[in-house]
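Heads up: the structure comes next, in structure tokens.
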Amino acid sequence: MQKYSTLSLVRNAISHHNGWQKAWRNPDLKSEYDAVVVGGGGHGLATAYYLAKEHGYKNVAVIEAGWLGGGNTGRNTTIVRSNYLFPQSAKFYNFSLNLYENMSQELDFNIMLRQAGLLTLLHSRHDLEVMRRNINAMHMNGIDSDWVTPDEVAHIAPGINMSEDARFPIVGGILQKRGGVARHDGVAWGYARAGDALGVDIIQMCAVTGFDIKNGEVVGVQTAKGHIKTKKVAIAVAGHSSVLAEMAGFRLPVSSMALQACVSEPLKPVFDAAIMSPATGIYISQSDKGELVMGGALDAYPSYAQRGNINTLEHIISGVIELFPCFSRIKLMRQWAGIVDIVHDSSPIIGHTPVKGMYINCGFGTGGFKATPAGGWTLAYTLANDRPHKMNEDFSLKRFETGAFIDEMGAAGIAH
Ligand code: FAD
Ligand code: PYC
708 MQKYSTLSLV RNAISHHNGW QKAWRNPDLK SEYDAVVVGG GGHGLATAYY LAKEHGYKNV
768 AVIEAGWLGG GNTGRNTTIV RSNYLFPQSA KFYNFSLNLY ENMSQELDFN IMLRQAGLLT
828 LLHSRHDLEV MRRNINAMHM NGIDSDWVTP DEVAHIAPGI NMSEDARFPI VGGILQKRGG
888 VARHDGVAWG YARAGDALGV DIIQMCAVTG FDIKNGEVVG VQTAKGHIKT KKVAIAVAGH
948 SSVLAEMAGF RLPVSSMALQ ACVSEPLKPV FDAAIMSPAT GIYISQSDKG ELVMGGALDA
1008 YPSYAQRGNI NTLEHIISGV IELFPCFSRI KLMRQWAGIV DIVHDSSPII GHTPVKGMYI
1068 NCGFGTGGFK ATPAGGWTLA YTLANDRPHK MNEDFSLKRF ETGAFIDEMG AAGIAH
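Position one of the sequence shown corresponds to residue 708 (my numbering), numbered consecutively onward.
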């Protein structure tokens, strides 16, 4: 990795970064690859990196329709945690959090992981009872999760409305201390740079437009920049999974919907932890820049329109002001949306597709940023070995035939 002195940083700034070493190459598309990854979000880039690093794949391409991390990876609210209910999810998301904890070192790229905790607010006696059961299950699965009293909530989240007369009174909370936030672009760029260094070709501004399938087996990929011969394809396109599946001739049990978020002007540090309030439907954290990063529930209808609207914004802000009346005069800076892929049991699909040689990672819905390393790792394993790893075998498409769902809707903490 090239090191920069203060002087060279100044020189680069003045020269508009003329001579600044590129973090990854901009190669021409080759006519043949051993494996093609569709989608240059975090999951696709992680898949390519682990294919090269763990499985010795030397000739891999990532094909991205837009720019790296321009999909949900660069649009999420950056919360990472592993406090899921079922043993399969606990294993998977805990593995992901472990990979996150070592990611800056492994990729030699600061992903700015801040494990200041993920606090879930409880607003009723019913919340308390349901969460007692969930916490016991999490402890059985080795997930750290602690009860916090209303006083402790007030300490973790200064400014929060602890009034008993509040519309959503706070009766306690659950804290996952290992939870927190990470810089989402850093995750995409870190995997991109490390994958590129291992020989992965990253092709941006190049949509996949179709697949060549012979006798039920993938033999090629059609793209805006030309045709590729390949026998292995990994699809990781989140909200566009059904579109890609249709190109390959199969259907997925996935709906595509917009999830919106927004940020305020920067403030001095208020709180460190990320906070979720399932009853009001909002989540909030403060970025390293000081902005309040806020999000809410899914839009209530399927759509590919990647934009925010006033209706949802009003819902998010009313929830935030309910919890933090002191934020009512803060200015909002930006609002946006990403198209997420919703599966009705709120668990991902990682595994084989009906087409031989084609594998998919999708269905992370509102919560796949935290799963980026594990999603990439397990998809790479499945492609390289043509069988799932223990960690993703229960997350295959088979569960939609057998009914063995892993119902994590409650764990999302977000209204679906
Ligand atoms: P993406 O990052 O969307 O990447 C898919 C890529 O595929 C895109 O770049 C797209 O351009 C590309 N693509 C699509 N079609 C084609 C094609 N035909 N050819 C080539 N490329 C194509 N998760 C959390 O864990 N914590 C959170 O706090 C959180 N907050 C969220 C807040 C919002 C507002 C949103 C929208 C999502 C949030 N998520 C969160 C969910 C999380 O962002 C996603 O689950 C995750 O980023 C998905 O990553 P990905 O790499 O699969 O998809
Ligand atoms: O899955 O933790 C999550 C999450 C937080 C905000 C959106 N998704």
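By construction, the Cβ of each residue, glycine as well, lies at the ideal position given by its N, Cα and C atoms.
**OP:** Give the DSSP bridge partners of Thr827, in chain order.
**Re:** Per DSSP, Ile881 and Met983.
Original post:
In this structure, what does DSSP give as the bridge partners for His1059?
Top reply: The partner list for His1059 (beta bridge, DSSP) reads Tyr1066.
Original post:
Does the Cβ of Ala889 lie closer than 7 Å to at least one heavy atom of the ligand FAD?
Top reply: False, no ligand heavy atom lies under 7 Å from that Cβ.
**OP:** Measuring from each Cβ to the nearest heavy atom of the ligand PYC, keep the ones under 5 Å and list them in chain order.
**Re:** For the ligand PYC, the selected residues are Thr784, Ile786, Tyr990, Thr1073 and Gly1074.
Original post:
Any heavy atom of the ligand FAD closer than 7 Å to the Cβ of Arg782?
Top reply: At least one heavy atom of the ligand FAD is found less than 7 Å from the C-beta of Arg782.
Original post:
Among residues of its own chain, excluding the 5 on either side of Asp1052, which ones have a beta-carbon nearer than 8 Å to its beta-carbon?
Top reply: Counting only Cβ-Cβ distances below 8 Å, and skipping sequence neighbours, we find Arg1106, Phe1112, Ile1113, Asp1114, Glu1115 and Met1116.
Original post:
In whole angstroms, what is the alpha-carbon distance linking Thr1019 and Ser1054?
Top reply: Between the C-alpha atoms of Thr1019 and Ser1054 there is a straight-line separation of about 24 Å.
**OP:** Check the DSSP bridge columns for Cys969 and list the partner residues they point to.
**Re:** Note: Cys969 sits in a beta bridge opposite Met1001 and Gln1042.
**OP:** Within its chain, find whatever has a CB closer than 7 Å to the CB of Leu1039; leave out the 5 residues flanking it on each side and keep chain order.
**Re:** The beta carbon of Leu1039 is closer than 7 Å to those of Cys969 and Ser971 in its chain, skipping five residues each way along the sequence.
Subject >> Backbone CA spacing between Ala943 and Leu825 [nearest angstrom] >> reply: Cα to Cα, the separation comes out at about 27 Å.
**OP:** Check whether the Cβ of Ala968 sits closer than 7 Å to any heavy atom of the ligand FAD, and report yes or no.
**Re:** It does: the Cβ of Ala968 is within 7 Å (strictly closer) of some heavy atom of the ligand FAD.
Original post:
When burial is assigned at 16 or more other CB atoms within 10 Å of the CB, is Ala931 buried or exposed?
Top reply: Burial call: exposed.
**OP:** May I ask you to check if the CB of Leu792 is nearer than 7 Å to at least one heavy atom of the ligand FAD?
**Re:** Checking the Cβ of Leu792 against the ligand FAD gives no.
**OP:** Determine contact between the stretch 947-966 and the stretch 757-771, defined as no fewer than three beta-carbon pairs at a distance below 8 Å.
**Re:** Fewer than three pairs of CB atoms, one per stretch, sit closer than 8 Å, so the stretch 947-966 makes no contact with the stretch 757-771.
Original post:
Roughly how many whole angstroms lie between the Cα atoms of Met1098 and Lys798?
Top reply: Their backbone Cα atoms lie some 7 Å apart in a straight line.
Subject >> Cβ neighbours of Ile842 in the same chain (closer than 6 Å, five flanking residues each side left out) >> reply: The answer, listed in chain order, is Ser852.
Subject >> Rounded separation between Arg847 and Phe793 - CA only >> reply: Here the sequence assigns Met to residue 847, which means Arg is not the residue at that position. If you take the alpha carbons of Met847 and Phe793, they lie about 10 Å apart.
Subject >> Close-in-space but distant-in-sequence residues of the same chain around Met708 (CB under 8 Å, 5 per side omitted) >> reply: Summary for Met708: the model assigns pLDDT 48, below 50, so the residue's position carries little reliability, and this model does not support an answer.
Subject >> beta-carbon Ala844 near the ligand FAD non-hydrogen atom, thresh 7 Å >> reply: Distances from the CB of Ala844 to the heavy atoms of the ligand FAD are all 7 Å or more.
Original post:
Can you list, in chain order, the stretches of the alpha helix (DSSP H) that have 4 or more residues and sit fully within the stretch 881-958?
Top reply: If you keep only unbroken alpha helix (DSSP H) runs of at least 4 residues inside the stretch 881-958, you get 891-904 and 948-955.
Original post:
Any heavy atom of the ligand ZN within a distance shorter than 7 Å of the CB on Phe1071?
Top reply: Among the ligands modelled here, namely the ligand FAD and the ligand PYC, the ligand ZN does not occur.
Original post:
Ile1046 and Phe1102 look like a contact to me (Cβ under 8 Å); what is the Cβ gap, rounded to whole Å?
Top reply: Not really, about 21 Å apart at Cβ, beyond 8 Å.
**OP:** Could you have a look at Val976 and say whether DSSP puts it in helix, strand or coil?
**Re:** It is Pro, not Val, that sits at residue 976 in the sequence shown. Coil at Pro976, not helix or strand.
Subject >> Pair within 8 Å by beta-carbon distance, Ile909 and Gly747 >> reply: Going by C-beta atoms, Ile909 is nearer than 8 Å to Gly747.
Original post:
Under three-state DSSP, which class holds Arg821?
Top reply: It is a strand residue.
Subject >> Any chain D beta carbon closer than 8 Å to Glu1021 >> reply: In the displayed structure, chain D is absent; only one protein chain is listed.
**OP:** Give the secondary structure of Asp1006 by DSSP, where H, G and I count as helix, E and B as strand, and everything else as coil.
**Re:** Strand.
Original post:
With respect to 7 Å, is the separation between the Cβ of Lys1077 and the closest non-hydrogen atom of the ligand FAD below this value?
Top reply: Yes, the beta carbon of Lys1077 sits closer than 7 Å to at least one heavy atom of the ligand FAD.
Original post:
Hey, would you say Ile935 sits closer than 8 Å to Glu739, going by beta carbons?
Top reply: Yes. Within cutoff.
Original post:
By DSSP, does Glu836 sit in helix, in strand, or in coil?
Top reply: Three-state DSSP puts Glu836 in a helix.
Original post:
In whole angstroms, what separates the C-alpha of Phe918 from that of Val1062?
Top reply: Straight-line Cα distance between these residues: approximately 10 Å.
Original post:
Rounded to a whole number of angstroms, what is the C-alpha to C-alpha distance between Ser722 and Arg1041?
Top reply: C-alpha of Ser722 to C-alpha of Arg1041: approximately 30 Å in a straight line.
**OP:** Mark Asn790 as exposed unless 16 or more other C-beta atoms lie within 10 angstroms of its C-beta, in which case mark it buried.
**Re:** Asn790 should be labelled buried.
**OP:** Report yes if the C-beta distance between Trp774 and Gln911 is below 8 Å; otherwise report no.
**Re:** At a Cβ-Cβ threshold of 8 Å, Trp774 and Gln911 count as neighbours.
Subject >> Reduced DSSP secondary structure (H/G/I, E/B, other) of Val745 >> reply: Here DSSP, grouped into helix, strand and coil, assigns Val745 to strand.
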